[in-house]
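First to last, the protein sequences are chains A and B. Reminder that position 377 of the first sequence reads as 377 in my numbering, one-by-one numbering, no gaps. Reminder that position 173 of the second sequence reads as 666 in my numbering, one-by-one numbering, no gaps. Note that the Cβ used here is the ideal one computed from N, Cα and C, for glycine as well.
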Amino acid sequence: MLTLIMFLPLVGVLLCALLPKRFEGAAKYIALFTTAANASLAAFLVGGFTRGGGMQFETVIDWIPQIGMQYHVGVDGISMPILVLSCVLAFLAVIASWKIDEKPKFYFAMLLLLATGMNGVFTALDFVLFYVFWEIVLVPMYFIINQWGGERRQYAAVKFFLYTFFGSVFMLVGIIALYLQTGTFNMVELANGAAALPAFVPFGFQWWVFAAFLLGFAIKVPMWPFHTWLPDAHVEAPTAASVLLAGIMLKMGTYGLIRIALPILPEAFLWFQPLIAVLAVISIIYGAIVAFAQTDVKKLVAYSSVSHMGFAMLGIAAGTATGINAAMAVNISHGLTTGMLFFLVGMIYERTHTRKIKDLRGVAAQMPIYAGLFVFASFASMGLPMLSGFMGEFLALVAAWQGFAAINMQYLTVFAAIGILLGGAYMLWLLQRVIFGEPSEVVEGQKDLNFREIFVLVPLAVFVVAFGVRWSLLLDYVDPAAKAIARAIGLGA
Amino acid sequence: MLSGYWTLIPYAILFFGVLIALFADWAGLSSRLAALFGAACALVAGLGFTLSEASQLLFGGRFMLSVSGRLVSVGLCIITALWLMWIADRVKGRTREATALALLSVMGACMLVGAREFITLLVALELTAMPSYVLLGYWAHRRRSLESAMKYFLFSVLTTLVMTYGVSLVYAASGTTMIVGADVSGGGLIGLIGLVMLMVGIFAKVSAVPFHFWAPDAYAGASAWGVAFVATVPKAAAMVTLLRLPALMADTLPESLITVFVIIGIMSMVVGSFAALTQDTIRRIMAYSGVVNVGFLLTGIAALQTAGSFAIFAGVLFILFYVLAVFGVLLVTATEGDRVSDLAGLSERRPVAAWILVLLSLSLIGVPPLAGFFGKLYIFTSALTSSYVYMVVIAVLCSVVSAFYYLRFMKAAFFDAVPSKDGARTGEEIAGNGAVSEGLDEYDTKHRLFARTALVVATTLIVVLGPLSGYLIDWMMAGI
């Protein structure tokens, strides 16, 4: 089943590639069909998932046995929610891209390849397989930004590719080093081995490998000071790519830390804990402050991502079950809310061809449905209680307060809380400038959202409310896996 | 199954191809048919190598096709066959001698990977290299082409002489010309100097820093199709020799020679990756990329003592996957022009070619699941077993730097605007560094079947061989 979820989009890529030029328009139907099938498979996955049942839907086939490489996939409570989010967002991204008419074959093929890569990252349990998907993601993103991007797209695409490639090659060195030390690429065995036997991997070695992993993951998250590729890539990328970039690809970094770096290298994690904590708080504050200064709505949302992902890192830095729950809650909630925001920014850009805050004014008067959803998404992003954003940020603060007591850094929690405040402030200021007031020239006479656009946003909004009202809808899945990882680190629940 | 001296049959088949090509006029064959016949011979020879039993000592221990040598021979025969198929369709003019030269060179290359004695090694090395000089300067009326051949010839001959002198010193110190067991420790400094001089010849052939500077000039001046052969088959054979020599001498190799490998490896990686950044010509970039990749190979060679036979497998797969991608890149861009900017609009003109270029470039960058990634994975895995971890760190940094110029190919092919209707194809513009897009008239576009097949096969191999490389390793291990 997981194999199907991973490779169904790849079949779509092949179909798109074989499509004759005359029927180029059919590419979007192929993309729609495969992503829809994927989303329904994801629904079955949720239905068949046993909460707290550890690794499930596993498939293990020998791949290159000479060096112990396997085709090994499976999901647990950590990866399942992100996988589902990834399938849903890919489906919505295809619908949102319905109007793309510049080389549709190429575009949808790349979008589907991206989906394969993302799904693969969250299901792979063999290190090399994981790395394969981790890298595959770069290629379609490079092409999408370069072909359908904004003005500085070539710069952004190359920067994105090289920056993240730089991080991943160090990760590769870490993976190989770990393999040579332990003789296996099996992520599950490595994680269990570390839990059963703390001295499994010597500390000095752990330190180096963790540093290599941290570099790779921190660039992907992105954590300050490795964030500079993100605003460029986001601003230049077309809407659907921005959504997938923020919604799923950033989560690859936090997922990697939770799945790999923490349980396999627990001692090194404890050494790096203060560093991650400080960088996380800097990301939160820095992202928020820089967001204030932005004149472009999309760039503002991009910097808010840096700030929000800081909360996920804060939860990870705590290293407790609560912290990992928090990180996962932020991951999912940020994927939903930022996905919504990027979709919304894309929709207004399609109409007005500007994203400048000063040009956009009075959207509420002209496009009431749009304004309503925009306000909703902003509130969710701010972390208003009863919406999903609150769950992650609240849990992250709790986890940080508890977890940082051990390293005497509880004061960091205060700074992080200020970050929430700043987050509320810049979003409200944005709403004030863009949504309210008299309609500006470009906004005047624009049509409100059509059915297709509402259809893209509503499912996300439903999830935002559902998770916000009932945390257990998400956390029941995550919590058992989070506890297992926290035990592996030795910090307990 | 071929065993004993019967394992030499593939060489005879290759030589038969040489004779047919040389006497094509008498046999009434056109250049095209001669090349296609040569391709058939190379394929049959490749098949013969797969059937021959490996690891048999011949000629009193002077020659032995090892399991990895057998794989290299098969690979090089396939590349030569693809190359011959391509020139049969694409290159105008009298190419039957080129066919003969290529087959001679690949014959030498397949001998080189089996040589276990210094004199045999030297002879095979020269048999591989001599035809390459001629291939680079194939069109005698083109001065730049002649200049590049001359540069390569003088430099190569000079270093071969140094190498020969080195062999004589090694003989003086060890009393034997056999590679295995050539213990130079009795000769003191003389033996060490001899070994270093011996390696200089190899370093020059593979264009490792500081013996690399002939490569960009020689490649840039010559015809792209000639370079596509010279930069792959003779280069791969030399790279394999670079790997085999220390492996064969593992028991007697002085520790200080490993230090030489480390230093040269680091210099090659750094110089190669940064020097290529400022280049505008595709072939110059590929020449520097060759320099970088020799550096990567040397990270694995430095680990020979710790990784054992895995280092050999890793190195061999790395070399084969690398040259196959270079081969494809050079041929797919050959008919477009010299400069990267000539690729502009390729995705519109030749969409399939553009995607082939993308896959090959990504393989060279090392993006999984393409073959180039597995080559790097294996070589770094064996390199990390040694204590030269910093070499691997430098290597991955350099692969990020070099990713930049492979990305330029993709960018030019997909996203750059074509300067004018036919500006990129007239061949009259002069690039900043003096490279001239001349000689595009030497390509024929009439025939398609074999040229296309060659490129598609090369790309397919790049896509499928990586994930299936386990079978290749199995095949190599089966013979031990």
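Asked, Found
"Would the beta-carbon of N38/A be found less than 8 Å away from any heavy atom of the ligand COA?", "The model on display carries no ligand, and the ligand COA is accordingly not part of it."
"Specify the secondary structure class of M367/A as computed by DSSP and reduced to three states.", "coil"
"Measure the CB-CB distance between A416/A and A312/A and report whether it falls below 9 Å.", "no"
"Is there a C-beta anywhere in chain B that falls below 9 Å from the one on A177/A?", "yes"
"In terms of residues, what are the limits of the alpha helix (DSSP H) holding E58/A?", "First-last for E58/A: 56-64, but that is the beta strand (DSSP E), not the alpha helix (DSSP H)."
"Can you list the residues of chain B that L180/A reaches, using a CB-CB cut of under 8 Å?", "T874, L877, T878"
"Do S766/B and V785/B have their CB atoms nearer than 9 Å?", "yes"
"Tell me whether W579/B is buried or exposed, calling it buried when 16 or more other Cβ atoms sit within 10 Å of its Cβ.", "buried"
"I want to know whether the stretch 544-564 of chain B touches the stretch 603-610 of chain B - three or more CB-CB distances under 8 Å.", "yes"
"Determine which residues share a DSSP beta bridge with S551/B and list them.", "According to the sequence provided, residue 551/B is Leu. The question's Ser does not apply to it. For L551/B, which the question treats as bridged, DSSP gives the partners F556/B."
"Please identify the residue among A17/A, P104/A, A37/A, L125/A whose C-alpha is closest to the C-alpha of G68/A.", "L125/A"
"Determine the direct distance from the alpha carbon of L810/B to that of S307/A, and round the result to whole angstroms.", "45 Å"
"For the beta strand (DSSP E) holding M69/A, just list the boundary residues, first then last.", "69-75"
"Verify the CB distance criterion: does M643/B have a CB-CB separation below 9 Å to chain A?", "no"
"Mind checking Y411/A: buried by the 16 CB within 10 Å criterion, or exposed?", "exposed"
"From the DSSP output, which residues share a beta bridge with V584/B?", "Y936/B"
"What does the Cβ neighbour count give for G927/B, buried or exposed, with the cut at 16 atoms within 10 Å?", "Because the pLDDT at G927/B is just 39, under 50, the model does not fix this residue reliably, and the value given afterwards should be weighed accordingly. By the neighbour-count rule (16 or more Cβ atoms within 10 Å), G927/B is not buried but exposed."
"Between V785/B and chain A, is the shortest Cβ-Cβ distance under 9 Å, so that the two count as touching?", "no"
"Using a Cβ-Cβ cutoff of less than 7 Å, which residues in the same chain neighbour G586/B once the five nearest sequence positions on both sides are dropped?", "E935"
"Is there a C-beta anywhere in chain B that falls below 9 Å from the one on P65/A?", "yes"
"Taking the alpha helix (DSSP H) that I757/B belongs to, which residues open and close that run?", "748-768"
"Using a Cβ-Cβ distance under 9 Å, would I5/A count as near chain B?", "no"
"Assuming N146/A contacts R153/A under a Cβ cut-off of 8 Å, what Cβ separation, rounded to an integer in Å, is found between them?", "6 Å"
"Between the Cα of S761/B and the Cα atoms of S895/B, G684/B, L628/B, which residue gives the shortest distance?", "S895/B"
"Check whether the Cβ atoms of F292/A and W207/A sit closer than 9 Å, and answer yes or no.", "no"
"Is the CB-CB distance between S494/A and V464/A below 9 Å?", "Residue 494/A is absent from the model: chain A starts at 1 and stops at 493."
"D967/B lies in the alpha helix (DSSP H); which residues open and close that run?", "962-971"
"Between which two residues does the alpha helix (DSSP H) holding E841/B run?", "839-842"
"Return the CA-CA distance between S545/B and L558/B, expressed in angstroms with no decimal places.", "9 Å"
"Could you give the distance in angstroms between the alpha-carbon of A26/A and the alpha-carbon of P20/A?", "10 Å"
"If you draw a straight line from the C-alpha of P861/B to the C-alpha of I136/A, how long is it?", "7 Å"
"So, at 8 Å on beta carbons, what are the nonlocal neighbours of S305/A in its own chain, with the 5 sequence-adjacent residues on each side left out?", "L230, H234, A246, L250, G287, H334, T338"
"Need the endpoints of the alpha helix (DSSP H) that I179/A sits in, please.", "Checking the sequence, you will find Tyr at residue 179/A rather than Ile. Segment 153-182, the alpha helix (DSSP H) holding Y179/A."
"By the 10 Å Cβ neighbour count, where 16 or more other Cβ atoms means buried, how is Q432/A classified, buried or exposed?", "exposed"
"Does the CB of F907/B have a neighbour CB from chain A at under 9 Å?", "yes"
"I need the straight-line Cα distance from I418/A to D62/A, nearest angstrom please.", "50 Å"
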